[in-house]
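Below is one structure, written out as structure tokens; the observations come after it.
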Amino acid sequence: MKENKDLRMHERYLTILMLLRGESYENIAEVLGRRISTLYNYSKAYREKGLDGLHRGHPPGRNPMLTPEQEQKLYQTIVNQTPVDVGFPVEMNWTSPIIRE
Numbered sequence: 001m002k003e004n005k006d007l008r009m010h011e012r013y014l015t016i017l018m019l020l021r022g023e024s025y026e027n028i029a030e031v032l033g034r035r036i037s038t039l040y041n042y043s044k045a046y047r048e049k050g051l052d053g054l055h056r057g058h059p060p061g062r063n064p065m066l067t068p069e070q071e072q073k074l075y076q077t078i079v080n081q082t083p084v085d086v087g088f089p090v091e092m093n094w095t096s097p098i099i100r101e
């Protein structure tokens, strides 16, 4: 996984280096096998924030359903109690449906 990230960063740096040396977007796209629009995005990020702009941000995703405090409380409940201890009428281990409830 780290190697893939390093390769992507190398590609972004290489794009900027090639642009600074006067290479065309078309040529860079052909050499790197990327769309020109991707290279424009790299270039824009570099112009706006320098090399820091080339770093990938946190990937988008669904926001957590629980706050960190709720998550910790749930963890402690699961580790220290059984479903029966907290009011479920079953004599078994924790299951996903029980935890969701």
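Per the UniProt record's numbering: the sequence shown ends with 101, consecutive numbering throughout. In this text, a Cβ means the ideal position worked out from N, Cα and C, and glycines have one as well. All values derive from a computational prediction rather than experimental measurement.
Exercise. By Cβ distance, which residues of its chain are closer than 6 angstroms to K5, with the 5 residues on each side in sequence left out?
Worked result: So the list is empty, once near-sequence residues are dropped.
Problem set entry | Minimum length 4: unbroken alpha helix (DSSP H) runs contained in the region 6-78 | With a minimum length of 4 residues, the continuous alpha helix (DSSP H) runs that stay inside the region 6-78 are 25-32 and 36-49.
For this session: Count the other C-beta atoms from every protein chain shown that fall within 10 angstroms of the C-beta of P83, then say buried if there are 16 or more, exposed otherwise.
Result: Buried.
For this session: With a cut-off of 8 angstroms on the beta carbons, I'd call A45 and G53 a contact; round off their distance for me.
Result: Right, their Cβ atoms sit about 4 angstroms apart.
For this session: Taking only the alpha-carbon atoms, compute the straight-line gap between residue 145 and Y40 and give it to the nearest angstrom.
Result: Any property of residue 145 remains undetermined from this structure, which presents the chain solely from 1 to 101.
For this session: May I ask you to report which of helix, strand or coil DSSP gives V90?
Result: Note: V90 maps to coil in three-state DSSP.
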